[in-house]
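First the structure, in the form of structure tokens, and then the observations on it.
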Amino acid sequence: MRYGIAIDSARCMACYNCFMACKDEHCGYSSKYSVAEPHMGQFWMNIVEWERGDRPGNIKVATVPTPCSHCQDPACMKAAKNGAVYKRPDGIVIIDPVKAKGQKEIADSCPIGAIYWNEEEQVAQKCTMCAELLEEGYKVPRCVEACPNQALIFGDLDDPNSEVSKKIAAGKVTQLKGLEGQETNVVHLNIPGIFLAGTVYLPEDEVAIGAKVTLKCESCGKVFETVTNWAGDWEVDNLPKDKKFDITIEMKGYRSVKLSAVTDKDHFVEETILCPIL
Ligand code: SF4
Ligand code: SF4
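One point on numbering: in our numbering, the residue at position 107 of the sequence shown is 506, and numbering is uninterrupted.
Written as structure tokens, this is what we have:
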């Protein structure tokens with residue numbers, strides 16, 4: 400048995416219910432796995448959000464709920480003295496609230512910043528995956544219970560037929576920056592890559608519906624295709640970062656247009672006008 404949570408960014412709508420449930424569980428209540436979380440300044444379920452796009456009308460928001468990843472080989476465990484951080488047999492990583500007293504280096508050790516320093520109690524703190532509740536018979540942690548959109552799925556990672564294992568097997572796993580190559584018991588799915596977008600017009604302001612848009616990566620040769628929609632808009636999402644793409648826009652009866660763009664950020668490439676072949 401190895402407890403884990405799959406976090407699906409594609410289903411997260413930034414409602415903060417998980418954040419509030421986590422606060423409700425841990426603020427004001429101590430357990431053998433943690434002293435009480437302060438009301439301010441700590442975010443055990445940290446909802447990381449960023450704006451995507453550089454043109455009004457093409458802006459989206461990415462949302463990545465980010466608790467402790469409960470790593471298989473945790474950096475925080477290596478930084479701790481006297482066994483103050485340990486991994487339970489079920490995979491949950493715990494900071495012992497008594498042994499960890501005064502060990503500020505534990506708080507500084509996490510590559511994704513999931514540990515917080517409680518100045519008043521002089522102890523490092525983080526997500527316990529609600530181990531205290533699971534022991535009482537709770538089926539899932541409070542954050543998972545609170546999510547209205549099934550963006551958080553909890554279960555046994557060792558069971559290939561559990562809902563969480565099936566969810567991970569079917570999704571696009573993305574590792575967080577700082578935890579690359581690490582096996583973790585919290586697994587992030589569908590964190591967006593980079594998108595490129597544009598709009599295609601015909602002469603006299605008519606939109607080009609159904610124009611073929613082909614993006615070819617200059618370095619790896621990978622090809623992505625789409626067509627313009629009813630508004631003449633095209634978009635290709637989840638492109639690899641920091642690559643140069645050659646873009647070709649084609650439509651029967653019109654001259655094709657070539658553009659290029661770099662995926663250093665989410666980017667609206669341009670408004671293109673196709674000229675008829677005379
Ligand atoms: S994510 Fe950070 S706090 Fe959690 S187990 Fe890994 S190193 Fe420790
Ligand atoms: S409760 Fe679910 S949908 Fe709401 S912010 Fe948390 S993960 Fe996202």
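Glycine included, each C-beta is placed from N, C-alpha and C at the ideal position.
Remember, predicted model here, so these are calculated numbers, not experimental data.
DSSP three-state call for residue i: helix, strand or coil?
i: K615; result: strand
i: C475; result: helix
i: C546; result: coil
i: R451; result: strand
i: A530; result: helix
May I ask which residues mark the beginning and end of the alpha helix (DSSP H) holding residue i?
i: F418; result: N416 to H425
i: K503; result: K503 to D507
i: S659; result: Here S659 belongs to no alpha helix (DSSP H); instead the beta strand (DSSP E) covers V656 to V661.
i: I678; result: Absent from the structure is residue 678, since the part of the chain shown begins at 400 and ends at 677.
i: A523; result: Here A523 belongs to no alpha helix (DSSP H); instead the beta strand (DSSP E) covers V522 to Q524.
i: A409; result: Segment: none, A409 is in no alpha helix (DSSP H) and carries neither H nor E.
Per DSSP, which residues does residue i bridge with? Please list them.
i: F667; result: A596
i: G403; result: G554
i: C470; result: T583
i: W499; result: This sequence places Ala at residue 499; Trp is not what is there. A499 pairs with nothing; no bridge assigned.
i: N517; result: V522
i: L588; result: D407 and V572
i: Y653; result: P675
i: K643; result: V661
i: N445; result: T465
i: V492; result: K486
i: V606; result: Y600
i: I648; result: V612 and V656
Taking the continuous beta strand (DSSP E) assigned at residue i, which residues delimit it?
i: E634; result: D632 to L638
i: V572; result: Element bounds for V572: n/a, residue is neither H nor E.
i: Y485; result: V484 to K486
i: V434; result: Where V434 is concerned, there is no enclosing beta strand (DSSP E), given that its DSSP letter is neither H nor E.
i: F623; result: V622 to V626
i: P464; result: K459 to T465
Examine chain D for any beta-carbon lying closer than 8 Å to the beta-carbon of residue i, and answer yes or no.
i: G501; result: Chain labels in this structure do not include chain D; a single protein chain is all it has.
- Query: Counting pairs of beta carbons, one from the region 659-674 and one from the region 585-596, are three or more of them closer than 8 Å?
  - Reply: yes
- Task: Taking 6 Å as the limit, tell me which residues put their C-beta closer than that to any heavy atom of ligand 2, in chain order.
- Result: C411, M412, A413, C414, Y415, N416, C417, I446, P464, A545, C546, N548, A550 and L551
- Item | Given 8 Å, three or more beta-carbon pairs between the region 561-577 and the region 416-423 | no
- Item | Inter-stretch contact at 8 Å, needing at least 3 Cβ pairs: the region 448-460 / the region 475-482 | Verdict: no, contact absent.
- State whether the region 517-526 contacts the region 427-444, with contact taken as three or more CB pairs (one from each stretch) at a distance under 8 Å. yes
- Query: How do the region 535-553 and the region 497-516 stand: do at least 3 beta-carbon pairs fall below 8 Å, yes or no?
  - Reply: no
- Item | Cβ pair count under 8 Å reaching 3, the region 607-615 against the region 627-637 | yes
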